[in-house]
Amino acid sequence: MVIVAAAFITVIHHASGNDAELVERKARDYPSWFPRHPVGSPCDTWANCEKHLCCARMTQWDGNKCYERNSTIGARCSTNMWPKRTKALSFIGGCPCKKGLRCKMNKQLGYGTCEHRINTTVPQQKV
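Structure follows, in structure tokens:
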């Protein structure tokens, strides 16, 4: 029963699309020789920002800017892409969390907070 529950939790975790590693993927169709911009610079997509930054807007009415990815427990974060249903890697509500953390989204607020990633792997039993 424990193995079934652990497998179910693992599937849910990976299906949520909330892994920093997945969100951190390289932007498509963006030449590596294009300049990347520092914190506070305007951006259209994540690829416009320096590699450790993300492109985000805090509200629908703000413009996109390059922001630091969140590394603090309890810091504001988001996994909501903006504009919706596009290939542009920009976010609304804040940046995703850095590796080792996950963004726990609050659907009512439209953003979430960074928390420790829970290890969902089940230790192997010796036979």
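Residue numbers for the sequence shown follow my numbering, beginning at 27 and rising by one. Note that beta-carbon positions come from the ideal geometry of N, C-alpha and C, so glycine has one too. Note that this is a predicted model, so its numbers are computed, not measured.
On a Cα-Cα basis, can you pick out the residue from the options that is closest to residue i?
i	options	result
C92	L135, L79 and A101	L79
A73	K113, C129 and Q134	K113
P109	G126, M131 and T85	T85
C75	P57, I99 and W87	P57
W87	P61, I118 and F60	I118
Does DSSP put residue i in a helix, a strand or coil?
i	result
A73	helix
H63	strand
P1	No answer is possible for residue 1: the residues shown for the chain start at 27 and end at 153.
K125	coil
N14	Here the chain comprises residues numbered 27 to 153, so residue 14 is not present and cannot be evaluated.
T112	coil
T139	strand
I118	strand
Below 8 Å between beta carbons: does that hold for residue i and residue j?
i	j	result
R95	P122	yes
T71	S104	no
S97	K77	no
A101	C140	yes
R143	L127	yes
Less than 8 Å between CB atoms is the rule here; does residue i satisfy it with respect to chain C?
i	result
K113	Among the protein chains of the structure shown there is no chain C, as only one such chain exists.
If you follow the beta strand (DSSP E) that residue i is part of, which residue opens it and which one closes it?
i	result
R83	L79 to R83
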